[in-house]
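Just add 169 to wherever you are in the sequence shown, counting from 1, and you've got my numbering. No residue lacks a Cβ here, since even glycine has one placed at the ideal position from N, Cα and C. Written below as structure tokens is the structure these notes are about.
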Amino acid sequence: PGMFIDSMAGYETLLQHLPAGELRLTLDVGHLHCQGQGPIAGVIRRWASRLVNVHIEDMRSGVHEHLMFGEGEMDFPPIMAALAEAGYRGGIHVELSRHSHEAPTVARKAYAFLNPLMERYAQQDG
């Protein structure tokens with residue numbers, strides 16, 4: 170929200186003005202949820218060939234507030250499944266900047282939440 174390109178429609182419009190293959194995608198799944206640009210798994214599948222970076226956090230619909238996993242409304246298993254199905258091998262970066270004062274604790278909690286999902290879908294991916 171409030172970014173130069175703040176929607177998938179904006180990204181698609183920008184692509185039309187650039188040479189083929191020139192622009193890749195950092196996808197913030199929380200922003201997609203916040204703005205109602207879902208289903209997120211469908212967005213991942215649609216843009217998988219351009220995806221190079223993922224930001225992940227929990228959010229509520231219509232509220233741009235980066236939340237710890239479990240504090241928002243997001244359904245993470247379909248997101249992780251779509252990334253695995255797409256063969257995504259790039260970074261998945263937890264974005265919880267308002268929690269930076271307690272970074273070690275937040276990192277442990279985020280790892281504890283995400284690691285089982287990543288292991289589950291990595292096994293399904295092969």
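Here's the rule I'm using: 16 or more other beta-carbon atoms within 10 Å means buried, otherwise exposed. How should residue i be labelled?
i    : result
L252 : buried
A279 : buried
V232 : exposed
M172 : exposed
G239 : exposed
Would you check if the distance between the CB atom of residue i and the CB atom of residue j is smaller than 8 Å?
i    : j    : result
G260 : L220 : no
M249 : L236 : no
V263 : I213 : no
A217 : A178 : no
Excluding the five sequence neighbours on either side, which residues of its own chain have a C-beta within less than 7 Å of the C-beta of residue i, listed in chain order?
i    : result
I174 : Y180, L183
G205 : S230
Leaving aside the five residues before and after residue i along the sequence, list all residues of the same chain whose C-beta is less than 6 Å from its C-beta, in chain order.
i    : result
G241 : D227, M228, R229
### Task
For the region 232-290, list the alpha helix (DSSP H) runs that are entirely contained and at least 4 residues long, ordered along the chain.
245-254
### Whole alpha helix (DSSP H) elements within the region 182-234, 4-residue minimum
198-203, 209-216
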